[in-house]
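Peer 1:
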Amino acid sequence: MLKTRNKQIYEEAGEWLVNLRVGDMDAAAHKQLDAWFRESPHHIRAFLELSAIWEETEGANLASGKSTESLIARARASTNIIALEGEGVAARRQEASPSPRRPSNTPGVGILTPTRFLSWWTAALASVVVACLGLGLFALKVYWDPNYSTGTGEQRTLHLADGSTIELNSGSQVRVLFSERERDVELVEGQALFRVAKDHVRPFVVQSAGTRVRAVGTQFDVYRKASGTQVTVVEGRVAVFASVPPKEKTGGDMPSSTAAPSSNKERLTAQVADGNSTGETPPVFVSTGEQVTVTNQEVTKPRRANLSAATAWTQREWVFDMTPLAEVVQEFNRYNTRKLVVSDPTLADFHVTGVFSSTDPASLLRFLRAQQGINLIEAGEEVRIGKQ
Numbered sequence: 138m139l140k141t142r143n144k145q146i147y148e149e150a151g152e153w154l155v156n157l158r159v160g161d162m163d164a165a166a167h168k169q170l171d172a173w174f175r176e177s178p179h180h181i182r183a184f185l186e187l188s189a190i191w192e193e194t195e196g197a198n199l200a201s202g203k204s205t206e207s208l209i210a211r212a213r214a215s216t217n218i219i220a221l222e223g224e225g226v227a228a229r230r231q232e233a234s235p236s237p238r239r240p241s242n243t244p245g246v247g248i249l250t251p252t253r254f255l256s257w258w259t260a261a262l263a264s265v266v267v268a269c270l271g272l273g274l275f276a277l278k279v280y281w282d283p284n285y286s287t288g289t290g291e292q293r294t295l296h297l298a299d300g301s302t303i304e305l306n307s308g309s310q311v312r313v314l315f316s317e318r319e320r321d322v323e324l325v326e327g328q329a330l331f332r333v334a335k336d337h338v339r340p341f342v343v344q345s346a347g348t349r350v351r352a353v354g355t356q357f358d359v360y361r362k363a364s365g366t367q368v369t370v371v372e373g374r375v376a377v378f379a380s381v382p383p384k385e386k387t388g389g390d391m392p393s394s395t396a397a398p399s400s401n402k403e404r405l406t407a408q409v410a411d412g413n414s415t416g417e418t419p420p421v422f423v424s425t426g427e428q429v430t431v432t433n434q435e436v437t438k439p440r441r442a443n444l445s446a447a448t449a450w451t452q453r454e455w456v457f458d459m460t461p462l463a464e465v466v467q468e469f470n471r472y473n474t475r476k477l478v479v480s481d482p483t484l485a486d487f488h489v490t491g492v493f494s495s496t497d498p499a500s501l502l503r504f505l506r507a508q509q510g511i512n513l514i515e516a517g518e519e520v521r522i523g524k525q
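Heads up: the sequence shown at position 364 corresponds to 501 in our numbering, and the numbers run straight through without jumps.
#1: Any idea what DSSP makes of Ser424, helix, strand or coil?
#2: Just reading off the alpha helix (DSSP H) that Ala447 is part of, what are its end residues?
#3: Alpha helix (DSSP H) containing Gln467: first to last residue?
#4: For the stretch 183–191 against the stretch 147–156, are there 3 or more C-beta pairs whose distance is under 8 Å?
#5: Please work out which residues of its chain come closer than 6 Å, Cβ to Cβ, to Arg351, disregarding the five sequence neighbours upstream and downstream, and give them in chain order.
#6: Checking the sheet assignment: what are the DSSP bridge partners for Thr123?
#7: Taking 7 Å as the cut-off, decide whether the C-beta atoms of Gln434 and Val381 are in contact.
#8: Measure the alpha-carbon distance for Glu297 versus Ala507 and round it to whole angstroms.
#9: Looking at the strands, I want to know which residues DSSP matches up with Lys524.
#10: In the DSSP assignment, what residue or residues form a beta bridge with Lys476?
#11: Quick one: measure Cβ to Cβ for Val338 and Thr355, integer angstroms, because I've assumed they're closer than 8 Å.
#12: Please list, in chain order, all residues of the same chain as Ala463 whose beta carbon is under 6 Å from its beta carbon, the five residues on each side excluded.
#13: Out of Asn284, Lys335 and Gln509, point me to the one whose CA is closest to Asp299's CA.
#14: Can you tell me where the beta strand (DSSP E) with Ala363 in it begins and where it stops?
#15: Measure the CB-CB distance between Thr287 and Leu305 and report whether it falls below 7 Å.
#16: Would you mind reading off the limits of the beta strand (DSSP E) that contains Ser494?
#17: I think Lys524 touches Asp497, with their Cβ atoms under 8 Å apart; what is that distance to the nearest whole Å?
#18: Alpha helix (DSSP H) containing Ser380: first to last residue?
#19: Count the other C-beta atoms from every protein chain shown that fall within 10 angstroms of the C-beta of Ile190, then say buried if there are 16 or more, exposed otherwise.
#20: Please classify Ala442 as buried or exposed, where buried requires at least 16 neighbouring CB atoms within 10 angstroms.
#21: Just to confirm, are Gly491 and Phe469 a CB contact at a threshold of 7 Å?
#22: Report the rounded CA-to-CA distance for Glu518 versus Asn473, giving the unit in angstroms.
#23: Going by beta carbon distance, what residues of the same chain come within less than 6 Å of Ala150, once the five residues before and after it are set aside?
#24: If we count the other Cβ atoms within 10 Å of its Cβ and call it buried at 16 or more, is Gly510 buried or exposed?
#25: Tell me whether Ala346 sits in a helix, a strand or coil according to DSSP, three-state version.
#26: Do Val527 and Ile522 have their C-beta atoms within less than 7 Å of each other?
#27: According to DSSP, which residues form a beta bridge with Thr432?
#28: In the DSSP assignment, the alpha helix (DSSP H) including Leu505 goes from what residue to what residue?
#29: Let me know the secondary structure DSSP gives Thr451 once reduced to three states.
#30: Would Phe378 and Pro439 qualify as a contact pair, given that the criterion is a beta-carbon distance under 7 Å?
#31: Determine the direct distance from the alpha carbon of Val359 to that of Leu501, and round the result to whole angstroms.
#32: Straight-line CA distance for Gln367 to Ser177?
#33: Do you know how far the Cα of Leu324 is from the Cα of Tyr285?
#34: Give every residue of the same chain whose Cβ lies closer than 6 Å to the Cβ of Val322, excluding the five residues on either side of it in the sequence, and list them in chain order.
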């Protein structure tokens, strides 16, 4: 009976882990999981054991399997696992009879009888369970919260459950929404470099404003600028789409009242249903070393890209090649709390060429001060750029 119960707990833990890792969990399911954890410390133990094994094996392959038998088998075979209530321990507890207490040769020190040992063991295990619960819930919070961001001057690398990675630039934010059919990521702001693990069953889709990038297994950079979204392919091939706003009926009819998608996933997968629905432009395929920009619901023709310049931020560098001053200022402000401000609009035609360290903002300021006709004025938390 005990073996059957243990197997059931492992099976339940395996199902919860798979559902949680592939992102197929709504708010109601999260509440059910929380209640399941509170039912018994054995539930927590089983879940943490399987979680540790998942990290050591190919979790994505297990997630796509038909059962959790292989995961449970690894847990039972592990030499690092000590059961909270093994069958042998339970049997010995029932058979053991209290031993008579013998006097100790050392004053003040009693003999640790089997009964006292089991009491001590139970108390120790209770402490371990409490500690594991805290660590486990902290780890689960990472899985439940799909939002990741970086502060000013901070960079961060995210390792996703499918084996893909996202490298976030300073001042950036992404929202991860994985499901069994698609791996969706929304670039809320900033810039990110995506290294996508191949999975022909579940495409990897990145949305940024009115841009959608679809890939299977590749490496590409997405930069959400004020002027538009820039997509640069470092390796492989991606399909880039631009959102098309809904069209209104002509002839005095009222605009279509088609309801807007109620979730990010629906917005990411919206397709053209008829002439009044929100759709997308035909895909533009971008290959290794190419770059496109999406603006005003249009995708530019692919052009050759300077990959070193596009990904220089991963090496803490800025590479400018006849870059407009406004874009240079935008890059600088991403990394610094003391902002650059272009106070003279006639400097819009001023372009910058050079390589600068993003960890040494003074190097860019020295360069600007050395330019003829440029004047920098420090005013509190701002450095204003004007003409002499």
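Using N, Cα and C, we set each Cβ at its ideal position, and we do this for glycine too. If you're wondering where the values come from, they're calculated on a predicted model, not measured in any experiment.
Peer 2: On the basis of the coordinates in this document:
#1: strand
#2: Leu444 to Ala447
#3: Leu462 to Tyr472
#4: yes
#5: Pro340, Val342 and Ala376
#6: Since the displayed the chain opens at 138 and closes at 525, residue 123 lies outside it and no answer follows.
#7: yes
#8: The sequence given here places Leu at residue 297; Glu does not occur at that position. Distance between the alpha carbons of Leu297 and Ala507: 45 Å.
#9: Ile511
#10: Glu519
#11: That belief does not hold up - the Cβ atoms of Val338 and Thr355 are roughly 16 Å apart, past 8 Å.
#12: none
#13: Lys335
#14: Per DSSP, Ala363 belongs to no beta strand (DSSP E) and is neither H nor E.
#15: yes
#16: His488 to Ser494
#17: Between Asp497 and Lys524 the Cβ distance is about 26 Å, and since that is not below 8 Å, they are no contact.
#18: Note, Ser380: premise wrong, no alpha helix (DSSP H); beta strand (DSSP E) at Arg374 to Val381.
#19: buried
#20: buried
#21: no
#22: 10 Å
#23: Ala183, Phe184 and Leu187
#24: exposed
#25: coil
#26: Past the edges of the chain, shown from 138 to 525, lies residue 527, and the structure says nothing about it.
#27: Glu435
#28: Pro498 to Arg506
#29: helix
#30: no
#31: 24 Å
#32: 50 Å
#33: 10 Å
#34: Val311, Val313 and Val343
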